[in-house]
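Trainee:
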């Protein structure tokens, strides 16, 4: 899908959130939710380390907050920006929350190739479009975008990088 003019700036903000997560000792992932007008509504970072929750991925944290604040009709017109492609768990949370569009940085496949079998992040090779295709409502996916910038935040963090 073609991307919108604001997509790169908002994706860069999610990459900044990933840097902030890394700086505080969490896995380097960040995500944000933008409303239909492109305004940032919510931001989230990975909390696996700081909260000791292996499901504390930035995207899942964001979707939990979003689903508590907004109804599915509104979320269907919103976009989630995420520093890397959402994993199967996070794609599921996007689907169940009702978000209509996802823009992501580096692909899950590229992340897996980059970090290898790191026990902190046993990345799956399951594109989010495959997860969404199994559902009953459309979720538009744009990405990978800004792959170099997205990958940069992971360099030196994982055992294999």
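In our numbering, the protein residues as written are 11 to 171.
Cβ coordinates follow ideal geometry from the N, Cα and C atoms, glycine included.
Computed from a predicted structure; not experimentally measured.
1. Give the straight-line distance between the Cα atoms of residue 123 and residue 167, rounded to the nearest whole angstrom.
2. Kindly indicate the opening and closing residues of the alpha helix (DSSP H) around residue 112.
3. Kindly indicate which three-state DSSP category residue 105 falls into: helix, strand or coil?
4. For residue 46 and residue 89, what's the separation of their Cα atoms in angstroms?
5. Starting from residue 139 and walking both ways along the alpha helix (DSSP H), at which residues does that stretch end?
6. Thinking residue 38 and residue 31 are a contact (beta carbons under 8 Å), I'd like their distance in whole angstroms, please.
7. Considering only DSSP beta bridges, list what residue 151 is partnered with.
8. Give me the Cα-Cα distance between residue 56 and residue 144, rounded to the nearest whole angstrom.
9. Tell me the residue span of the alpha helix (DSSP H) that contains residue 158.
10. Could you tell me the alpha carbon to alpha carbon distance between residue 91 and residue 36, rounded to whole angstroms?
11. Would you decide whether residue 147 is buried or exposed? Buried here means 16 or more other CB atoms lie within 10 Å of its CB.
12. Per the DSSP calculation, residue 53 is bridged to which residue(s)?
13. Out of 152, 132, 115, which has the shortest C-alpha to C-alpha gap to residue 27?
14. How many Å lie between residue 71 and residue 54 at the Cα?
Mentor: Let me lay it out:
1. Near 14 Å, if we compare the C-alpha coordinates of residue 167 and residue 123.
2. For residue 112, there is no enclosing alpha helix (DSSP H); the residue is found in the beta strand (DSSP E) stretching over 111 to 116.
3. In the structure shown, residue 105 sits in a helix (DSSP, three-state: H, G or I).
4. Taking the straight line from one Cα to the other gives about 7 Å.
5. From DSSP, the alpha helix (DSSP H) with residue 139 extends over 138 to 143.
6. Confirmed, Cβ separation roughly 6 Å.
7. Beta-bridge pairing links residue 151 to 112.
8. Cα to Cα, the separation comes out at about 26 Å.
9. From DSSP, the alpha helix (DSSP H) with residue 158 extends over 157 to 162.
10. Their Cα atoms are separated by approximately 19 Å.
11. The residue is exposed, with fewer than 16 neighbouring Cβ atoms inside 10 Å.
12. 42, per the DSSP bridge assignment.
13. Relative to residue 27, the option among 152, 132, 115 whose CA is nearest is 115.
14. Taking the straight line joining both Cα atoms gives about 6 Å.
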